[in-house]
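Novice:
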Amino acid sequence: MKPATFFFRTFLLSAFTMSLLGGAIFTDYYLRHEITRKAKRYLAAQGIELVPASAVTAAEQGNREHLVQLETAGVPLGEPDESGTTPLLAAAKNGHDGVIDFLITRESALTTLNHVTEPARETPLVIALRERRFALADRFLEKGATLEVDAEAGLPFLIAAVQGGDREMIDYLLRNKVEVDYKGTQPITALAVSANLGEIDLMKRFLEAKADPNTRGISGKPLLIEAVREGNREKLDLLLANEANVNATTGDGDGLRTTALSFAIAADNVPVQEVLLQRGATPGVHTLTGEPLLFAAVAARDHALAGRLLEQGAKGEVLSSSDISPLVAAVQNEDLEMVDLLLQHGVDPSFAAEETESPLFVAASNGNAAIASQLIAAGANLDTRTLLAESYQRRDDPLMSLLLHSGADPESTLPGTEERVFDTAVRDGATGAVRTLLAAGAKIGDNLWAALLTGQDELIRLILEAGADPRQTGPEGQDPLDYCLTHGRYGAARVLLNGGADPDARFDEEESWLSRAVRQGNTDIALALIESGATVEDTMAKDGHTLLGWAIANGMTEVAVALVKAGADPNSEERSPATVAFREKFDSTTFRYHLQVDSRIRPLMMAAAQKNHIVAQALMDGGAKGRAYSRKYLFAASIGAWFKDVKMQQIALLGKAPKMQPRKVVVDLSAQRVTLYENGVATYSTPCSTGRSG
134 MKPATFFFRT
144 FLLSAFTMSL
154 LGGAIFTDYY
164 LRHEITRKAK
174 RYLAAQGIEL
184 VPASAVTAAE
194 QGNREHLVQL
204 ETAGVPLGEP
214 DESGTTPLLA
224 AAKNGHDGVI
234 DFLITRESAL
244 TTLNHVTEPA
254 RETPLVIALR
264 ERRFALADRF
274 LEKGATLEVD
284 AEAGLPFLIA
294 AVQGGDREMI
304 DYLLRNKVEV
314 DYKGTQPITA
324 LAVSANLGEI
334 DLMKRFLEAK
344 ADPNTRGISG
354 KPLLIEAVRE
364 GNREKLDLLL
374 ANEANVNATT
384 GDGDGLRTTA
394 LSFAIAADNV
404 PVQEVLLQRG
414 ATPGVHTLTG
424 EPLLFAAVAA
434 RDHALAGRLL
444 EQGAKGEVLS
454 SSDISPLVAA
464 VQNEDLEMVD
474 LLLQHGVDPS
484 FAAEETESPL
494 FVAASNGNAA
504 IASQLIAAGA
514 NLDTRTLLAE
524 SYQRRDDPLM
534 SLLLHSGADP
544 ESTLPGTEER
554 VFDTAVRDGA
564 TGAVRTLLAA
574 GAKIGDNLWA
584 ALLTGQDELI
594 RLILEAGADP
604 RQTGPEGQDP
614 LDYCLTHGRY
624 GAARVLLNGG
634 ADPDARFDEE
644 ESWLSRAVRQ
654 GNTDIALALI
664 ESGATVEDTM
674 AKDGHTLLGW
684 AIANGMTEVA
694 VALVKAGADP
704 NSEERSPATV
714 AFREKFDSTT
724 FRYHLQVDSR
734 IRPLMMAAAQ
744 KNHIVAQALM
754 DGGAKGRAYS
764 RKYLFAASIG
774 AWFKDVKMQQ
784 IALLGKAPKM
794 QPRKVVVDLS
804 AQRVTLYENG
814 VATYSTPCST
824 GRSG
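Be aware that the sequence shown starts at 134, since it is given in the numbering used here, and climbs by one per residue.
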């Protein structure tokens with residue numbers, strides 16, 4: 134065959150083949166898209182939009198044909214509408230089984246089988262279970278529906294079934310392997326609900342279904358603790374058999390550890406205590422009142438319980454809420470047998486809280502030679518004089534006291550220096566050590582300022598009580614009281630005043646500290662100075678006002694009363710005109726005017742303006758003239774009238790407010806009438822007669 138002929142035939146065959154292939158592709162495209170176009174035209178004619186909501190509506194109406202057309206038109210059958218409802222959920226809620234049969238075969242519908250609506254939290258399975266259509270529920274489960282759903286929002290079906298005693302639902306859920314610990318928004322699981330209802334059989338079934346035995350019950354505590362607290366041995370044994378954690382705590386968040394053992398001890402239930410300890414319960418927890426178990430047993434002299442705890446490894450190096458160790462408690466009780474029991478189990482014979490008495494010191498204080506001998510034999514021998522400095526460096530005051538009582542010299546110096554332990558303790562602010570050394574006879578030396586610089590008021594008090602001069606001049610010539618007041622250390626200032634410091638100390642050349650304290654409204658320091666004997670007679674503030682005037686203006690009732698009792702003149706006249714700062718302390722515009730233009734303003738008038746009955750009474754008791762008036766005829770009673778203050782007027786005019794008689798009877802023979810007065814008001818009147826004519 135000629136090449137040209139072969140080429141031509143091959144070309145024709147290729148063209149024919151390509152035309153066949155193109156025709157097939159065109160036909161396939163036409164057929165497929167023509168069906169889609171038909172579906173779209175059909176839906177448009179029905180007024181149905183190509184959106185997921187249309188599928189939901191069709192499912193609600195049970196219109197399978199519309200669903201078929203929507204699927205053909207490309208609308209997914211699993212998309213939820215704006216409310217979160219899917220077509221399958223809509224069909225289930227409306228009982229359209231035919232539509233359900235159709236949708237359950239569609240992959241797009243099954244992709245959202247477990248979609249949950251909000252806030253109702255509904256799924257197709259929820260509807261099937263609510264309506265108890267278990268066959269339908271089985272179909273949903275076969276397609277991958279999850280059983281961890283809610284009968285009501287937040288309330289799982291399993292918990293609802295337990296609460297309602299719905300055995301059929303419980304059987305169904307357990308048979309289908311529901312997650313038994315699912316609790317939705319409920320505080321407790323189905324196991325805890327059944328425990329609360331006393332349903333032991335249900336508890337067994339849930340535990341067999343792998344429910345967590347350590348879940349918390351209705352009280353918020355682990356079920357094991359609830360069982361012990363209830364005294365329910367059957368429930369306790371069931372939980373223990375299912376590996377409940379014997380050391381689970383209450384979880385109250387108060388920093389204490391209370392477990393089932395704590396409750397068993399509180400109930401004095403020895404068999405349960407023994408079972409829990411055998412199961413590995415740790416004895417290092419607390420009682421219900423917050424005390425370590427071993428401490429509580431020792432304090433209660435319960436040798437049997439203490440022995441059980443120690444045998445299980447309870448540590449004796451624990452402290453009660455009052456910072457008392459078990460050994461100290463045994464020594465305080467003078468319980469020789471308990472001390473011996475603790476020491477036999479290796480309890481540290483010297484263990485105690487910091488800054489508290491050691492067991493040996495307590496024994497010595499009690500004069501109990503037998504217990505002291507036991508402690509020393511166990512290694513609590515601290516009678517070496519050279520340990521005094523080391524005990525201070527450890528801040529071990531009980532040890533220092535024991536050493537000093539054993540003959541150690543309180544004047545000892547630190548190793549390698551000439552500085553006394555006492556001087557170092559003062560400089561370091563070690564108040565406990567200073568107290569211990571002073572009690573043993575240490576000399577205070579020149580230590581007041583060292584104590585002042587520590588900032589510890591109790592230390593200053595100790596030094597002063599030991600004989601220090603409260604007026605000892607400081608390194609820069611400062612007076613101790615002036616130093617404390619300058620630095621705002623009012624507590625230390627009061628300590629110095631109580632110790633004999635000069636209450637008339639000056640703030641500067643113009644003003645004493647008392648004047649400054651009253652003028653600035655510092656009640657605490659003003660009272661301390663006055664009570665310590667500061668001069669108040671004829672003492673004026675630097676602005677010319679009286680101390681009594683400033684105390685009343687500042688509302689310092691206690692200070693004003695103290696000034697009067699200390700001898701301040703209750704009839705002193707305030708400067709005229711008063712300073713702006715002084716006038717602004719009074720609310721009354723009229724009284725401020727008098728302070729500015731009037732003269733002979735007295736303390737009683739200011740007390741009336743401040744409506745301060747306590748100060749007014751103190752002034753009258755101190756000799757104030759209640760009827761005295763100013764240059765512009767202002768007097769206390771008239772000021773009381775401004776405010777309708779009858780009590781103030783009575784104090785000013787009568788010297789005190791008379792006590793109201795709640796009820797009295799007045800017999801008027803001249804008018805021959807009897808009148809009953811209640812709280813000063815006549816409430817009843819009736820004629821009366823002497824029985825005689827005339």
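For each residue, glycine too, the CB sits at the ideal point set by N, CA and C. Quick caveat: nothing in here was measured; it's all calculated off a predicted structure.
Straight-line CA distance for THR564 to THR557?
Specialist: Taking the sequence shown and counting its residues from 1, one reaches residue 564 at position 431. Taking the sequence shown and counting its residues from 1, one reaches residue 557 at position 424. So the two alpha carbons sit approximately 11 Å from each other.
Novice: For a minimum of 4 consecutive residues, which ranges assigned as the alpha helix (DSSP H) are wholly contained in the region 359–410?
Specialist: You should have 366–374, 393–399.
Novice: Work out the CA separation of ARG174 and VAL232 for me, nearest whole Å.
Specialist: Position 99 of the sequence shown, counting from 1, holds the residue named residue 232. Position 41 of the sequence shown, counting from 1, holds the residue named residue 174. Near 22 Å, if we compare the C-alpha coordinates of ARG174 and VAL232.
Novice: So VAL405 and ALA397 are in contact, right, with Cβ under 8 Å, and what is the actual spacing, rounded?
Specialist: Taking the first residue of the sequence shown as 1, we reach residue 405 at position 272. Taking the first residue of the sequence shown as 1, we reach residue 397 at position 264. Right, their Cβ atoms sit about 4 Å apart.
Novice: Within its chain, find whatever has a CB closer than 6 Å to the CB of LEU183; leave out the 5 residues flanking it on each side and keep chain order.
Specialist: Stepping through the sequence shown from its first residue, residue 183 is reached at position 50. ALA206, VAL208.
Novice: I'd like to know if the region 665–674 and the region 716–724 are in contact, where contact means that at least 3 CB-CB pairs between them fall below 8 Å.
Specialist: The answer is no - the region 716–724 does not touch the region 665–674, with fewer than three Cβ pairs under 8 Å.
Novice: Given this structure, state the Cα-to-Cα distance separating LEU752 from ALA701, to the nearest angstrom.
Specialist: As a position in the sequence shown, residue 752 is number 619, starting the count at 1. As a position in the sequence shown, residue 701 is number 568, starting the count at 1. Rounded to whole angstroms, LEU752 to ALA701 spans 10 Å at the Cα level.
Novice: I'd like the span of the beta strand (DSSP E) that includes ALA815, first residue to last.
Specialist: Working through the sequence shown from its first residue, we reach residue 815 at position 682. Residues 814–820.
Novice: What distance in whole Å lies between the Cβ atoms of LEU737 and ALA769, which are believed to be in contact at a cut-off of 8 Å?
Specialist: Here residue 769 refers to the residue found at position 636 when the sequence shown is read from its first residue. Here residue 737 refers to the residue found at position 604 when the sequence shown is read from its first residue. Going by Cβ atoms, the distance from ALA769 to LEU737 rounds to 5 Å, so yes, they are a contact pair.
Novice: Since LEU200 and ALA191 are thought to touch, with beta carbons under 8 Å apart, how far apart are those beta carbons, to the nearest angstrom?
Specialist: Within the sequence shown, residue 200 is the residue found at index 67, counting from 1. Within the sequence shown, residue 191 is the residue found at index 58, counting from 1. With a Cβ gap of about 5 Å, LEU200 and ALA191 count as contacting.
Novice: Closest to CYS821 by CA distance: which of THR808, LEU153, ASP615 is it?
Specialist: Counting from one through the sequence shown, the residue named residue 821 turns up at place 688. Comparing Cα positions, the closest option is THR808.
Novice: Taking DSSP as the reference, what is the three-state secondary structure of PHE768?
Specialist: By one-based count along the sequence shown, residue 768 stands at place 635. Here PHE768 sits in strand by DSSP.
Novice: Suppose the cutoff is 6 Å on Cβ atoms and the five residues either side in sequence are ignored; what does the same chain contact list for VAL472 look like?
Specialist: For the purposes of this step, residue 472 is identified with residue 339 of the sequence shown, where counting begins at 1. Same-chain partners within the cutoff: ALA463, ILE504, GLN507.
Novice: Considering only their Cβ atoms, is the gap separating HIS248 from PRO220 smaller than 8 Å?
Specialist: Working through the sequence shown from its first residue, we reach residue 220 at position 87. Working through the sequence shown from its first residue, we reach residue 248 at position 115. No, Cβ-Cβ distance for PRO220 and HIS248 is not below 8 Å.
Novice: Can you tell me which of the three DSSP states GLU664 falls into?
Specialist: Within the sequence shown, numbered from 1, the residue matching residue 664 stands at position 531. Here GLU664 sits in helix by DSSP.
Novice: Is DSSP giving VAL628 helix, strand or coil here?
Specialist: One-based indexing of the sequence shown puts residue 628 at position 495. Helix, per DSSP.
Novice: By alpha-carbon positions, which one of ALA699, ILE457, ASP283, GLY479 ends up nearest to GLY756?
Specialist: Within the sequence shown, residue 756 is the residue found at index 623, counting from 1. Taking only the C-alpha atoms, the option nearest GLY756 is ALA699.
Novice: Go ahead and label LEU154 buried or exposed: buried means 16 or more other beta carbons lie within 10 angstroms of its beta carbon, across all protein chains shown.
Specialist: Walking along the sequence shown from the start, residue 154 turns up at place 21. Classification of LEU154: exposed, given that the 10 Å Cβ count is below 16.
Novice: Which residues share a DSSP beta bridge with TYR623?
Specialist: Numbered from 1 along the sequence shown, position 490 holds the residue referred to as residue 623. The partner list for TYR623 (beta bridge, DSSP) is empty, contrary to what the question assumes.
Novice: DSSP three-state call for TYR163: helix, strand or coil?
Specialist: Translated into positions along the sequence shown, residue 163 becomes position 30. Only weak support is given to the placement of TYR163: the predicted model assigns it a pLDDT of 49, under 50, and the question is left unresolved by the model.
Novice: On the criterion of 16 or more Cβ atoms from any shown chain inside 10 Å, does GLN653 qualify as buried, or is it exposed?
Specialist: Within the sequence shown, residue 653 is the residue found at index 520, counting from 1. Under this definition GLN653 is an exposed residue.
Novice: On the DSSP bridge assignment, give the partners of HIS419 in chain order.
Specialist: Mapped onto the sequence shown, residue 419 falls at position 286. The partner list for HIS419 (beta bridge, DSSP) reads PRO425.
Novice: Which whole-angstrom value describes the C-beta separation of LEU280 and LEU306, a residue pair presumed to lie in contact below a C-beta threshold of 8 Å?
Specialist: Here residue 280 is taken as the residue at index 147 of the sequence shown, counted from 1. Here residue 306 is taken as the residue at index 173 of the sequence shown, counted from 1. Contact holds; Cβ gap of about 6 Å.
Novice: What number of angstroms, rounded off, separates the C-alpha of ASP731 from the C-alpha of ARG716?
Specialist: Reading the sequence shown from its first residue, position 598 is the one you call residue 731. Reading the sequence shown from its first residue, position 583 is the one you call residue 716. Computed Cα separation, rounded: 12 Å.
Novice: Which same chain residues end up closer than 6 Å to LEU164 when comparing Cβ atoms and leaving out the 5 residues on each side of it in sequence?
Specialist: As a working mapping, residue 164 is identified with position 31 in the sequence shown. Here the model assigns LEU164 a pLDDT of 46, short of 50, so the residue's position is not dependable, and the following value carries that caveat. Correct list: empty, nothing qualifies.
Novice: For the candidate residues PRO416, LEU246, LYS343, whose alpha-carbon lies nearest to that of GLY440?
Specialist: Reading the sequence shown from its first residue, position 307 is the one you call residue 440. Cα-wise, what sits closest to GLY440 is PRO416.
Novice: Tell me, which residues are paired with SER645 by DSSP?
Specialist: Within the sequence shown, the letter at position 512 stands for residue 645. Answer by DSSP bridge pairing, in chain order: ARG639.
Novice: Quick check on this structure: which residue in SER709, ALA278, ILE321, ALA575 has the alpha carbon closest to the alpha carbon of ASP676?
Specialist: Within the sequence shown, numbered from 1, the residue matching residue 676 stands at position 543. The residue with the shortest Cα to Cα distance from ASP676 is SER709.
Novice: State the Cα-Cα distance for the pair ARG338 and PRO346, rounded to the nearest angstrom.
Specialist: Position 205 of the sequence shown, counted from the first residue, corresponds to residue 338. Position 213 of the sequence shown, counted from the first residue, corresponds to residue 346. Approximately 12 Å, taken between the alpha carbons.
Novice: Whether or not the region 544–556 and the region 567–580 are in contact is what I'm after, with contact meaning three or more pairs of Cβ atoms, one per stretch, closer than 8 Å; do they touch?
Specialist: Yes: at least three Cβ pairs fall under 8 Å.
Novice: Comparing C-alpha positions only, which one of ARG265, VAL779, GLN605, ALA432 sits nearest to ASN745?
Specialist: In the sequence shown, the residue the question calls residue 745 occupies position 612. Closest option to ASN745, Cα to Cα, is VAL779.
Novice: Hey, how far is the Cα of ASN812 from the Cα of LYS777?
Specialist: Translated into positions along the sequence shown, residue 812 becomes position 679. Translated into positions along the sequence shown, residue 777 becomes position 644. Looking at the two C-alpha atoms, the distance is approximately 19 Å.
Novice: Hey, out of GLY632, GLU240, ASN687, GLN411, whose CA is closest to ILE596's CA?
Specialist: The residue you call residue 596 lines up with position 463 of the sequence shown. Here the closest residue by C-alpha is GLY632.
Novice: Which first and last residues belong to the alpha helix (DSSP H) in which GLU591 is found?
Specialist: Counting from 1 along the sequence shown, the entry for residue 591 is found at position 458. 590–598 is the span of the alpha helix (DSSP H), which, as asked, contains GLU591.
Novice: My output table needs one value for ALA711: the three-state DSSP class, helix, strand or coil.
Specialist: Reading the sequence shown from its first residue, position 578 is the one you call residue 711. Residue state, collapsed to three classes: coil.
Novice: Out of curiosity, what's the CA-to-CA distance linking ASP801 and VAL697?
Specialist: On the sequence shown, position 668 is the one that residue 801 refers to. On the sequence shown, position 564 is the one that residue 697 refers to. Approximately 44 Å between the Cα atoms of the pair.
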